[in-house]
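Asker:
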Amino acid sequence: MQPPDALDRLAAVVRAEAEKPEIRRKVEARIREFQAAQGEGEDRWFEELVFCLLTANYSARGALACIAALNEGDTMSEGNLEQLRTCLEHRHRFPSKRAEFILKAREHKNDLKKTITSQLSSRVARDWLVENITGLGMKEASHFLRNVGYLDLAIIDKHILTHMLEQGIIGERPASLTRKRYLEYEAILTRVAARLGMPLGTMDLYLWSKKSGEVIK
């Protein structure tokens, strides 16, 4: 069991970052963007899904460059497997595998928003995504849901794990997370967010900013 002061230390890291006016402005603007996305249509939701498929084992900026290329000529929504792969070649670390993921995810494009919004909770929606969208794990599914306005899930990536390690919340940074361990860590982060009086999705952006120096979706 982690000592209570470890949670306070992590909360202090977030609080210090949130007190920086420029960082706070960027985070608040990004949160407004996520909330606005919730009211948009299937195309926007699918683009966010593709973005999260592309960020896995890659960088957010690299994924954004891929999205821009895929949107040229409507390759994202209409391109076949070879066209998708060609578009991602020289832009992504795993062009063939990500092309397969995008093509398979497209099967759910037209009913994605309806399916997600019909779930009982964001956690149930996340389970549906992990079970039905090839290439999405707990982290990527949480990322997608945050980007379309669900702010009550933790996106536990290497930056967040490093923060937890540095503050003594965990004893080592695991190479991978089982579903059980992910939920355990999410429960801990939920307690930290509650101390701060902010949603998990907002806290994540401050922690990500602290480690990366950027506020990217």
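Be aware that the sequence shown starts at 12, since it is given in this note's numbering, and climbs by one per residue. For each residue, glycine too, the CB sits at the ideal point set by N, CA and C.
1) Exposed or buried, which one is Asp168 when buried takes at least 16 other CB atoms within 10 Å?
2) I need the boundaries of the alpha helix (DSSP H) containing Tyr193, first residue and last residue.
3) Among residues of its own chain, excluding the 5 on either side of Arg96, which ones have a beta-carbon nearer than 8 Å to its beta-carbon?
4) Look up Ala67 in the DSSP assignment and say whether it is helix, strand or coil.
5) Would you report the Cα separation of Phe62 and His154, rounded to the nearest angstrom?
6) Roughly how many angstroms lie between the CA atoms of Ala98 and Cys77, to the nearest whole one?
7) With distances taken from CA atoms, which of Tyr196, Tyr161, Phe57 and Glu83 is nearest Arg41?
8) I think Arg134 touches Gly212, with their Cβ atoms under 8 Å apart; what is that distance to the nearest whole Å?
9) Taking only runs of the alpha helix (DSSP H) that begin and end inside the region 129-156, which ones reach a length of at least 4 residues, in chain order?
10) Please confirm if the region 36-53 is in contact with the region 75-94, defined as three or more CB-CB distances below 8 Å between the two stretches.
11) Starting from Asp215, follow the alpha helix (DSSP H) in both directions and report where the run begins and ends.
12) Which value, in whole angstroms, describes the spacing of the CA atoms of Lys37 and Ala29?
13) With the cut-off set at 7 Å, would you say Trp56 and Lys124 are in Cβ contact?
14) In the structure shown, what three-state DSSP assignment does Pro185 receive?
15) Would you decide whether Glu183 is buried or exposed? Buried here means 16 or more other CB atoms lie within 10 Å of its CB.
16) Taking DSSP as the reference, what is the three-state secondary structure of Val11?
Answerer: Here's the rundown:
1) Within the sequence shown, the letter at position 157 stands for residue 168. Answer is buried; the Cβ neighbour count reaches 16.
2) As a working note, residue 193 is residue 182 in the sequence shown. Run containing Tyr193: Arg190 to Leu207, per the alpha helix (DSSP H) assignment.
3) For this step, residue 96 is matched to residue 85 along the sequence shown. The residues are Pro106, Ser107 and Ala110.
4) Locating residue 67 in the sequence shown gives position 56, where the first residue counts as 1. Residue state, collapsed to three classes: coil.
5) The sequence position of residue 62 within the sequence shown is 51, counting from 1. The sequence position of residue 154 within the sequence shown is 143, counting from 1. Their Cα atoms are separated by approximately 10 Å.
6) What you label residue 98 is simply residue 87 of the sequence shown in a count that begins at 1. What you label residue 77 is simply residue 66 of the sequence shown in a count that begins at 1. What sits at residue 98 in the sequence shown is Cys, not Ala. Their Cα atoms are separated by approximately 8 Å.
7) Here the question's residue 41 lines up with position 30 in the sequence shown. Nearest option by C-alpha distance: Tyr161.
8) Translated into the one-based positions of the sequence shown, residue 134 becomes position 123. Translated into the one-based positions of the sequence shown, residue 212 becomes position 201. The pair is not a contact, with the Cβ atoms about 13 Å apart (cut-off 8 Å).
9) 133-143
10) no
11) Position 204 of the sequence shown, counted from the start, is the residue given in the question as residue 215. Element bounds for Asp215: Leu211 to Ser223.
12) Stepping through the sequence shown from its first residue, residue 37 is reached at position 26. Stepping through the sequence shown from its first residue, residue 29 is reached at position 18. Near 10 Å, if we compare the C-alpha coordinates of Ala29 and Lys37.
13) Against the sequence shown, residue 56 aligns to sequence position 45. Against the sequence shown, residue 124 aligns to sequence position 113. Yes, they are a contact pair.
14) As a position in the sequence shown, residue 185 is number 174, starting the count at 1. Correct three-state label for Pro185: coil.
15) Walking along the sequence shown from the start, residue 183 turns up at place 172. The residue is exposed, with fewer than 16 neighbouring Cβ atoms inside 10 Å.
16) Beyond the ends of the chain as shown, which are 12 and 228, falls residue 11; an answer cannot be given.
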